[in-house]
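Student: Under the numbering used here, the first residue of the sequence shown is numbered -13, with each subsequent residue one higher. Yeah, the Cβ is synthetic: ideal placement off N, Cα and C, and Gly gets one too. Structure below; questions to follow.
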Amino acid sequence: MRNFAITTDSNSDLSKDYIDKNHIGVIPYFYEIDHVVYGERVSLRLSDFYKKIQSGSVPKIMNCNVERIKEVFRSYLEEGLDILHIGTTHCFNSSYDNLHKAIEELREEYPIARIIELDSRSISMGLGLMITSAVAMKKNGRTMDEIIDWIERSRTGFWAVFFLSDLSYLSRIGIMTEKEALLHRVLRRNPVLVMNENGFCQKVKDMKNNKKTFAKMIRMMERRLGMMRDKSLQFCILHGDAPEQAKNAAAYLTRRYPRSSVLIQTANPDMGARFGKGTIGICLMGEYHDNTGGRDGQKKQKVDSRR
């Protein structure tokens, strides 16, 4: 059985040290702001990125081209490795079509290799948590098919809810029209978005922005998921340059779910370009299970080779 590499994209928010230590291939995302393109080789500090947004600059997400994607994959294929690519949900992946085109071309160039692409149906640290779990399983001797099986089951347990402060971004990502956004400003109502188990983002509720907002978001999440406080869960607070709100949210979650872990992450430029400054999100991953069966211990059907 051939060895394999795990790859992802820069939306996973993994540290450079972790990426280098575990030999993870990363497809870079790019964006343009104030007529300058940032991404792989030219970077902008997150604090400066959000300062530009606050001053009125509008970031534009850009695709990663086919040749650059092939370059990332080819470095592993030339070593005789198969590839398991775990990427951002297709709804937020601006390079999704280019990714598939690159994979199809490489499959013709390397007919013996397996190149498997999995949609994580998650974003940011939700994707990052999935990658770190896959890497841990690989180190423990799990096969590619076993990891694929685990991801396909576990990704349905990812859930995220976002409270958006800047309504102008909702019309840009197609959640509401400019007239609807204007009405929300007049009524001082902000939308709550939910990313469901299929990776789609939808508006589910409107709320006023006050001290009770986060508690209401948690209760809404619990009603939808039927969550129990004694479960071991992985939370990530994702924020658009709103550190104090993120800390308060993390403290609330820690009190409410003492057995769970809570990470705080500033939204990367790809997310910031979609949701704007001031956004607060709760990302949730369920319990980690390193096994080849389901949660009930029953053996799952073997995954096919999916060339």
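To the nearest angstrom, how far is it from the Cα of Ser33 to the Cα of Gly264?
Tutor: Whole-angstrom Cα-Cα distance: 12 Å.
Student: Leaving aside the five residues before and after Asp282 along the sequence, list all residues of the same chain whose C-beta is less than 6 Å from its C-beta, in chain order.
Tutor: With a pLDDT of only 33 at Asp282, under the threshold of 50, the placement of this residue in the model should not be trusted, and no figure is reported.
Student: Would you call the region 245 to 260 in contact with the region 177 to 186, where contact means no fewer than 3 C-beta pairs closer than 8 Å?
Tutor: Because the criterion of three Cβ pairs below 8 Å is not met, the region 245 to 260 and the region 177 to 186 do not touch.
Student: Which of the three DSSP states is assigned to Pro255 in this structure?
Tutor: Helix.
Student: Using the C-alpha atoms, what's the distance from Arg139 back to Gly280?
Tutor: Residue confidence for Gly280 is low, a pLDDT of 35 falling below 50, so the modelled location carries little weight; the figure read from the coordinates is stated next. Their Cα atoms are separated by approximately 8 Å.
Student: Which residue wins for smallest C-alpha separation from Leu224, given the options His71, Leu113, Ile39 and Val121?
Tutor: It is Leu113.
Student: At the level of alpha carbons, what is the spacing between Met130 and His71?
Tutor: Between Met130 and His71, the C-alpha separation is close to 11 Å.
Student: Express the C-alpha separation of Cys222 and Pro244 in angstroms, rounding to a whole number.
Tutor: The alpha-carbon atoms of Pro244 and Cys222 are separated by roughly 14 Å.
Student: Here's a check: name, in chain order, each residue in its chain whose Cβ is nearer than 6 Å to the Cβ of Ala88, leaving out the five neighbours to either side.
Tutor: Here the set comprises Val52, Ile55 and Lys56.
Student: Which partner residues does Leu63 have in the DSSP bridge list?
Tutor: Partner(s): none; Leu63 has no beta bridge.
Student: Our contact map puts Gly226 next to Cys77 with C-beta atoms below 8 Å; I'd like the distance itself, whole angstroms only.
Tutor: In fact, because the Cβ distance is near 18 Å, the residues do not count as touching under 8 Å.
Student: So, under 8 Å CB-CB, Leu153 and Arg171 are touching, yes? Tell me the CB distance rounded to an integer number of Å.
Tutor: With 8 Å as the limit, Leu153 and Arg171 qualify as a contact, their Cβ atoms being about 6 Å apart.
Student: Taking only three categories from DSSP, how would you classify Thr142?
Tutor: Correct three-state label for Thr142: helix.
Student: Taking the alpha helix (DSSP H) that Asn84 falls in, what are its first and last residues?
Tutor: Note, Asn84: alpha helix (DSSP H), Tyr82 to Glu95.
Student: For a test of the three-state rule: what should DSSP assign to Ala99, helix, strand or coil?
Tutor: Coil at Ala99, not helix or strand.
Student: Comparing the C-beta of Gly114 with each C-beta of chain C, is any distance below 8 Å?
Tutor: No chain C is part of this structure, which consists of one protein chain only.
Student: For Ile(-8), which option in Lys233, Ile69 and Gly42 has the closest C-alpha, if you only look at C-alpha atoms?
Tutor: When only C-alpha atoms are compared, the closest one is Ile69.
Student: Among Asp(-1), Lys7, His21 and Ser41, which one has its Cα closest to the Cα of Pro14?
Tutor: Taking only the C-alpha atoms, the option nearest Pro14 is Asp(-1).
Student: Could you say which of Arg241, Ser218 and Gln251 lies nearest to Glu230 if we only look at CA atoms?
Tutor: Per the Cα distances, Gln251.
Student: So, at 6 Å on beta carbons, what are the nonlocal neighbours of Arg(-12) in its own chain, with the 5 sequence-adjacent residues on each side left out?
Tutor: Asp68.
Student: Just verifying my parser: in three-state terms, what is the DSSP assignment at Val121?
Tutor: Note: Val121 maps to helix in three-state DSSP.
Student: Starting from Lys46 and walking both ways along the beta strand (DSSP E), at which residues does that stretch end?
Tutor: Segment Lys46 to Met48, the beta strand (DSSP E) holding Lys46.
Student: Three-state secondary structure (DSSP) at Gly73?
Tutor: Strand.
Student: Determine the DSSP secondary structure at Ser106, reduced to helix, strand or coil.
Tutor: DSSP places Ser106 in coil when its eight states are reduced to three.
Student: So the candidates are Lys37, Arg60, Phe261 and Cys269; which of them puts its Cα closest to the Cα of Glu95?
Tutor: Considering only alpha carbons, the answer is Arg60.
Student: Enumerate, from N- to C-terminal direction, the unbroken alpha helix (DSSP H) stretches of 4 or more residues contained entirely within the region -4 to 45.
Tutor: Correct list: 2 to 7 and 32 to 40.
Student: Give the straight-line distance between the Cα atoms of Ile10 and Tyr17, rounded to the nearest whole angstrom.
Tutor: Those two C-alpha atoms are separated by around 22 Å.
Student: If distances are taken between C-alpha atoms only, which option among Ile161, Tyr82 and Tyr4 comes closest to Tyr188?
Tutor: According to the sequence shown, residue 188 is Gln rather than Tyr. Taking only the C-alpha atoms, the option nearest Gln188 is Ile161.
Student: How is the alpha helix (DSSP H) around Asn234 delimited, first residue to last?
Tutor: Looking at the DSSP string, the run of the alpha helix (DSSP H) that includes Asn234 is Pro229 to Arg242.
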